[in-house]
Amino acid sequence: MLKDNLTKALAPLGLEKVADGDYAKTGYHLEVAAQPDQMAGVAQAMLDAGCFLESFTAVDLMESFDLVYHFASFDELCRTAVHVPLGKRKGMPSISQIYPGADWYEREVFDLFGIHFFGHPNLKRILLPEDADFHPLLKDFGATQGND
Amino acid sequence: MEHAAQFLNSTVVHMLVGLIGVIALVSVNALFLIWVERKVSAHMQLRPGPMEVGPHGALQSLADAIKLMSKELITPDEVDKPIYWLAPIVVFLPVLLSFLVIPFSQTMIIRDMNVGIVLILAFSTLSVLAILMAGWSSNNKYSVFGAIRSVAQNVAYEIPLLVTVMSIILMVGSFKLSDIVAAQSQTWFIFIQPLAFLLFITCATAETNRAPFDLPEAESELVAGFHTEYSGMRFALFFLAEYTNIFIASAVATVLFLGGWHGPILPGVIWFFIKVYALVFLLMWFRWTFPRVRFDQLVNFSWKILIPLSFVNLLITAFVLKLR
Amino acid sequence: MIELYGIEEKTYTLNLGPQHPSTHGVLRVLLEMEGEFISKAEPVIGYGHRGHEHMAENRNYQQFLPNMGRVDYLHALAYNQGYCMAVEKLLGLVVPERAEFIRVITAELNRITSHLLWFGAYLLDLGAFTPIMYAFDDREHILDLLDRITGSRLTYCFYRFGGVPVDLDDEFITGTRAFIQRLRSRWVDYDNLVTKNVIFINRARDVGLITKDQCVKYGITGPNLRGSGIPYDIRKSEPYSAYPLFDFEVPIGSKGDIFDRYMVRLQEMEQSCRIIEQALDKLPNGPIMAEKVPKRIKPPVGEVYQAVETARGEFGIYIVSQGDVKPYRVKLRVPSFANLSLFPELAVDTLVADLVAILGSVDVVIPEIDR
Chain A
85 MLKDNLTKAL APLGLEKVAD GDYAKTGYHL EVAAQPDQMA GVAQAMLDAG
135 CFLESFTAVD LMESFDLVYH FASFDELCRT AVHVPLGKRK GMPSISQIYP
185 GADWYEREVF DLFGIHFFGH PNLKRILLPE DADFHPLLKD FGATQGND
Chain E
2 MEHAAQFLNS TVVHMLVGLI GVIALVSVNA LFLIWVERKV SAHMQLRPGP
52 MEVGPHGALQ SLADAIKLMS KELITPDEVD KPIYWLAPIV VFLPVLLSFL
102 VIPFSQTMII RDMNVGIVLI LAFSTLSVLA ILMAGWSSNN KYSVFGAIRS
152 VAQNVAYEIP LLVTVMSIIL MVGSFKLSDI VAAQSQTWFI FIQPLAFLLF
202 ITCATAETNR APFDLPEAES ELVAGFHTEY SGMRFALFFL AEYTNIFIAS
252 AVATVLFLGG WHGPILPGVI WFFIKVYALV FLLMWFRWTF PRVRFDQLVN
302 FSWKILIPLS FVNLLITAFV LKLR
Chain P
177 MIELYGIEEK TYTLNLGPQH PSTHGVLRVL LEMEGEFISK AEPVIGYGHR
227 GHEHMAENRN YQQFLPNMGR VDYLHALAYN QGYCMAVEKL LGLVVPERAE
277 FIRVITAELN RITSHLLWFG AYLLDLGAFT PIMYAFDDRE HILDLLDRIT
327 GSRLTYCFYR FGGVPVDLDD EFITGTRAFI QRLRSRWVDY DNLVTKNVIF
377 INRARDVGLI TKDQCVKYGI TGPNLRGSGI PYDIRKSEPY SAYPLFDFEV
427 PIGSKGDIFD RYMVRLQEME QSCRIIEQAL DKLPNGPIMA EKVPKRIKPP
477 VGEVYQAVET ARGEFGIYIV SQGDVKPYRV KLRVPSFANL SLFPELAVDT
527 LVADLVAILG SVDVVIPEID R
């Protein structure tokens, strides 16, 4: 079972939480919580198990960020959600060397939230103009800010 | 009275009348072909095509021509002005001059030169020069690309065209177009040399930059290829040259393979035009059916398949003629 | 830069501008070329960024429904479905069976229109001007059918939380059945005109190969993935709605070239026809909306990720709720974003003509990438 394999693979990393998810309510089979510096290990374990990076985004929780990675597999149904708390004004190591697909996702998070990714080959804005000076999905950006 | 008759019979008058006739023919032909193309393409695509202007849109091309002629002649700043201005003229004149030697009927030929077919082939090569001039002078990367592709394509497809025409000339023994037509009074050459006909039609499609070989004008890749920077009357000249080229290519194919103006009952001229327009329809049919051939495949096709085939055809023709 | 007999050769930069007939939307590709060969291709996106995810945080759940039809306007009903299912999961709503069937029928019809449009537009990129007319003719029939019950031709907003608002009528059912008969007779035409055309085959075979490794590393989904031989279709792998009740196949390719992706899409249209027929045959009676749908949609605190299979791949919607009438965060995971991020790797060492062919075969819709 992929879920058991993943639980075993993630065990040596010493993560905060590796628990079963409530699929009917959340759509996850496995819920993982990790620290920013552990993320590279988690990503490598996921890639070795054959999972692909389904989605990556950030949530602005006012005092901190919550980075959410979703992994799934083509072979067996098992969705893993990895939550990584990140303080404001902190950076996050990039996983684009492990998952090249994460390149654009990290650029998008940088563009919309301002989170910096260390080791990213090309961290520039992707959706907004290159010379924009705001990050629109931050909670203190406001609903109508930017409309002049 | 004798002086008057001699005057009317002289070559000068003959040529003047012919020239005016040709210009009239070219204009009307272009307008007609553009309308036919739009209608043919429309019906193949399950739609009616132009219907508004005139009965079934017959006056649509005239309206478009008037519109194009009334547009301002814009010259972009960065172009190489002399060459930019010359290119449309250089593309159009040789095509016009090719009409000199085409036998529309037994008597309707402006000047029956000894080197008729060679003249037409030489002039068709000049249009390549014009495309290169247009693309280069436009000072635009897309145009240069289109021009380069066009030159490579035209050079590649000239060779099998020439060799195929040579096999016909071998059979007739003369470059005069009226002789070639006369030699087909019993059987048309298409039945004697079907391979040559296929080769000729393929090369003619490529020489006139028609689909599936229309890469130099590929809209979806290069915006408009070598004539991206041309608008108004200059663009109209390129367009006119293209459609007249199609007519010339079909006319040459008719003379070489379909017996020229030969045909029962109806006068020669009518048969000639029927055959030419049948081939034009065939070329249009190609355009609306096939996707575009990729550039390297196009060039490979010519060098690796068409040229060997045309040489094989020539050798067989020579062999058979020797045996007779 | 190459030093050749003391002459420096530089690469040549060409811009496939935001306005271009073949880029299917407002996409800019910066090309570095050596002659006709591409050495580097960098897509530049964001020209159509409208801030959908920001809008989600400033609207009620119901007010955000119409946005979903505008993210990918070609398969809008699947996005509607994904969003509705996500919110229904948060609320714990159960959708009645008839509504699920209606959702499946309309979403599959929408999938056929999306694939037909791709088919026509792709052949247009390759220089064939006629197939798009035939494909759009077929598409018009579907748009008329869907217009009858949803009220829209393109940007649908048809599903509601708990079901669908309008029921199918007899005219729709007979019209759909008649249309499927007609469409099946068209496959022969498309086969003869395109699939068997030697010029098309030469442009599509062995071009634009996507390997299985690339699929995993980039998160490729949809026909691009299935063309490379991986049989992952969310309707089968993570079934939702009424899909478990239907018998259909997941077409896959073998090599991962353009021709395989083309065949997968064509065969998917036929499989969609099968699903629609079975759904119409088995359509149960019953209500079309769940019984207790709250007037104020206020999901409890929590988060949900819902994935659906759209014409382009996996659409995933991630909603974080903090118990308010407005979502706290909505992330739209769109398939074209991941699919396009593979494009720079696919484009290296190809010709410009192939570049356009590869981009078209990946089937990206820029508005969904830009959101």
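Protein chains in written order, with the working numbering: chain A, 85 to 232; chain E, 2 to 325; chain P, 177 to 547.
Note that the Cβ used here is the ideal one computed from N, Cα and C, for glycine as well.
Fair warning: this is a prediction, and the values are worked out from it, not measured in the lab.
For E/F273, the nearest candidate out of E/I21, E/L98, E/S106 (CA to CA): It is E/S106 whose Cα lies nearest to the Cα of E/F273.
Tell me which residues share the same chain as E/S221 and place their Cβ nearer than 7 Å to its Cβ, disregarding the 5 neighbours each side in the sequence. With a pLDDT of 48 at E/S221, under the threshold of 50, the predicted position of this residue should be treated as unreliable, and no value is reported.
Just to confirm the assignment, what range does the alpha helix (DSSP H) spanning E/T318 have? In the DSSP annotation of this structure, the continuous segment of the alpha helix (DSSP H) that includes E/T318 starts and ends at 308–324.
Residue-level contact to chain P via CB, E/P47, 7 Å cutoff: A quick correction: the sequence has Leu, not Pro, at residue 47 of chain E. Chain P, which has a Cβ nearer than 7 Å to the Cβ of E/L47, makes this yes.
From the DSSP output, which residues share a beta bridge with E/V164? E/V164 is not bridged by DSSP to any residue.
Going by beta carbon distance, what residues of the same chain come within less than 7 Å of P/V342, once the five residues before and after it are set aside? Here the set comprises I325.
Going by C-alpha distance, which of P/F312, P/V477, P/F337 is nearest P/L292? When C-alpha distances from P/L292 are compared across P/F312, P/V477, P/F337, the shortest belongs to P/F312.
At the level of alpha carbons, what is the spacing between A/M123 and P/V340? Taking the CA atoms as reference points, A/M123 sits about 42 Å from P/V340.
Rounded distance between the beta-carbons of P/Y310 and P/L380, thought under 8 Å: Before going on, a small fix: residue 380 of chain P reads as Ala here, not Leu. No, P/A380 and P/Y310 are not in contact; Cβ-Cβ is about 19 Å, not under 8 Å.
Give me the residue from P/F519, P/C391, P/I452 with the minimum Cα distance to P/V280. Proximity to P/V280 across P/F519, P/C391, P/I452 peaks at P/I452, based on C-alpha coordinates.
Along chain P, which residues have their Cβ under 9 Å away from the Cβ of E/T209? Near E/T209 there are no residues of chain P at all, since even the closest Cβ is about 16 Å away, more than 9 Å.
DSSP three-state call for P/G384: helix, strand or coil? Collapsing the DSSP output to three states places P/G384 in coil.
So, is the C-beta of P/S413 closer than 7 Å to a C-beta in chain A? At least one chain A Cβ lies under 7 Å of P/S413.
Residue environment, A/H204, which counts as buried when at least 16 other CB atoms sit within 10 Å: A/H204 is buried by the Cβ-count criterion.
Within 8 Å, do at least three Cβ pairs link the region 459–477 of chain P to the region 257–268 of chain P? Yes: at least three Cβ pairs fall under 8 Å.
Compare the C-beta of A/F158 against all C-beta atoms of chain P and say whether one is closer than 7 Å. Under the 7 Å criterion on CB atoms, A/F158 is classed as interfacial with respect to chain P.
For a contact defined as C-beta to C-beta under 9 Å, what are the partners of P/I534 on chain A? By Cβ distance, chain A contributes nothing, its closest Cβ being about 17 Å from P/I534, past 9 Å.
Between the alpha carbons of E/L162 and E/E208, how many angstroms are there, rounded? Computed Cα separation, rounded: 9 Å.
By alpha-carbon positions, which one of E/L87, E/F124, E/D81 ends up nearest to E/V102? E/F124 is the residue among E/L87, E/F124, E/D81 whose C-alpha sits nearest the C-alpha of E/V102.
Starting from P/K412, follow the beta strand (DSSP E) in both directions and report where the run begins and ends. If you look at P/K412, you'll find it isn't in any beta strand (DSSP E); it sits in the alpha helix (DSSP H) that goes 410–413.
Same chain only: Cβ atoms within 6 Å of P/K216, ignoring 5 sequence neighbours per side: If we look at P/K216 and ignore the five residues flanking it on each side, its Cβ neighbours are E208.
Name the two residues that bound the continuous alpha helix (DSSP H) containing A/K109. Taken as a continuous stretch (DSSP letters only), the alpha helix (DSSP H) holding A/K109 covers 107–110.
List the residues of chain P whose Cβ lies closer than 8 Å to the Cβ of E/K142, in chain order. The contact set of E/K142 on chain P, defined by CB atoms closer than 8 Å, consists of Y188, L190 in chain order.
Could you check what DSSP says for A/L207 in three-state terms: helix, strand or coil? If DSSP states are grouped into helix, strand and coil, A/L207 belongs with coil.
In whole angstroms, what is the alpha-carbon distance linking P/R274 and P/R488? Taking the straight line joining both Cα atoms gives about 26 Å.
Give a yes or no on whether the minimum CB-CB distance between P/V392 and chain C is below 7 Å. Absent here is chain C; the protein component of the structure consists of chains A, E and P.
Please classify P/F295: is it buried, with 16 or more other beta-carbons within 10 angstroms of its beta-carbon, or exposed? With 16 or more Cβ atoms within 10 Å of its Cβ, P/F295 is classed as buried.
Using 8 Å as the cut-off, can you tell me whether the region 420–428 of chain P makes contact with the region 239–250 of chain P, which would need three or more C-beta pairs spanning the two stretches below that distance? Contact between the region 420–428 of chain P and the region 239–250 of chain P is absent, because fewer than three Cβ pairs lie under 8 Å.
Can you have a look at A/A103 and say buried or exposed, based on whether 16 or more other CB atoms are within 10 angstroms of its CB? Residue burial annotation: A/A103 is exposed, with fewer than 16 other C-beta atoms found within 10 angstroms of its C-beta.
Beta-carbon of P/G303 versus every beta-carbon of chain E: anything under 7 Å? Between P/G303 and chain E, the shortest Cβ-Cβ separation is below 7 Å.
Looking at the strands, I want to know which residues DSSP matches up with A/H200. DSSP, once it has assigned bridges, lists A/G175 as partnering A/H200.
Short Cβ contact (7 Å threshold) for E/R150 with E/P213: Against a cut-off of 7 Å, the Cβ pair of E/P213 and E/R150 comes out as no contact.
Compile a chain-ordered list of the residues in the region 16–49 of chain E whose CB is closer than 8 Å to at least one CB of chain P. Only S42, M45, Q46, L47, R48 from the region 16–49 of chain E bring a Cβ to less than 8 Å from some Cβ of chain P.
Run through the DSSP bridge pairs and tell me what P/E479 is partnered with. DSSP, once it has assigned bridges, lists P/V496 as partnering P/E479.
Answer with yes or no whether the minimum CB distance from A/F218 to chain P is below 7 Å. No - not a single Cβ of chain P is within 7 Å of the one on A/F218.
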